[in-house]
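Data block below; observations after.
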Amino acid sequence: MELKNLFGKKLKKLREAKGLTQQELAELCDMQTNSITLIEIGERAASFATIEILAKKLGVNYYDLFNFDCGDGIEPSKQNLLDYLNTELRDLDETLLQHMIKYSKLVKELYTSKE
2 MELKNLFGKK LKKLREAKGL TQQELAELCD MQTNSITLIE IGERAASFAT
52 IEILAKKLGV NYYDLFNFDC GDGIEPSKQN LLDYLNTELR DLDETLLQHM
102 IKYSKLVKEL YTSKE
């Protein structure tokens, strides 16, 4: 698969994880909706300037747009949730992240003990 196709798929996943439509993302980035569509379907390559804007408006780092591990073997709905959590947790400080890890372990423990 071509790089622009992989990039487009990843852009779509990140956009959907943020709950944005193509039109909403285009407006945030001061772009045409058609440009977002063409990038997502791999018909147009994004320029460096566009990549910078997309990353900023999606609240991700540049490398997130090029992390093409599309979660093979993971259901798409679960992968979308994981992508969403990743983008939301990224800005938390280390102490809060430690608490989130403890909380998630507790929830998992409680959930699995009921089964």
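Each residue of the sequence shown is one higher than the one before, starting from 2 at the first, in my numbering.
Heads up, the beta-carbon is just placed ideally off N, CA and C, and yes, glycines get one too.
Check for me: the alpha helix (DSSP H) holding residue i runs from which residue to which?
i       : result
Arg-45  : It is not in any alpha helix (DSSP H) - Arg-45 carries neither H nor E in the DSSP assignment.
Met-101 : 95-114
Gln-80  : 77-90
Asn-62  : Looking at the DSSP string, Asn-62 is not in any alpha helix (DSSP H), and its letter there is neither H nor E.
Phe-69  : From DSSP, Phe-69 is part of no alpha helix (DSSP H); its letter is neither H nor E.
Leu-152 : This structure cannot settle anything about residue 152, because the visible part of the chain is limited to 2 through 116.
Gln-24  : 23-29
Please work out which residues of its chain come closer than 7 Å, Cβ to Cβ, to residue i, disregarding the five sequence neighbours upstream and downstream, and give them in chain order.
i      : result
Leu-86 : none
Leu-90 : Leu-98, Met-101
Nearest by alpha-carbon distance to residue i: which of the options is it?
i      : options                         : result
Leu-29 : Leu-55, Glu-110, Ser-105        : Leu-55
Leu-15 : Lys-5, Asn-81, Ile-102          : Asn-81
Leu-41 : Leu-90, Leu-7, Lys-103, Leu-107 : Looking at the sequence itself, residue 41 is Glu, so the reference to Leu does not match. With distances taken between Cα atoms, Glu-41 lies closest to Leu-7.
Phe-67 : His-100, Asn-35, Ser-78, Ala-46 : Ala-46
Glu-53 : Glu-110, Thr-38, Asp-31         : Asp-31
Glu-3  : Phe-69, Glu-76, Lys-13, Gln-23  : Phe-69
Glu-44 : Asp-94, Lys-5, Thr-22           : Lys-5
Thr-38 : Leu-107, Val-108, Gln-24        : Gln-24
Gly-60 : Asp-94, Lys-79, Lys-19          : Lys-19
Leu-83 : Leu-111, Ser-36, Asn-35, Asp-65 : Asp-65
Please return the same chain residues whose Cβ sits closer than 6 Å to the Cβ of residue i, not counting the five positions on each side in sequence.
i      : result
Tyr-63 : Ala-56
Leu-26 : Arg-16, Ile-37
How should residue i be labelled, buried or exposed, when 16 other C-beta atoms within 10 angstroms of its C-beta is the threshold for buried?
i       : result
Lys-115 : exposed
Lys-103 : exposed
Using a C-beta cutoff of 7 Å, does residue i count as contacting chain C?
i      : result
Thr-38 : Annotation note: the requested chain C is absent from the structure, which comprises a single protein chain.
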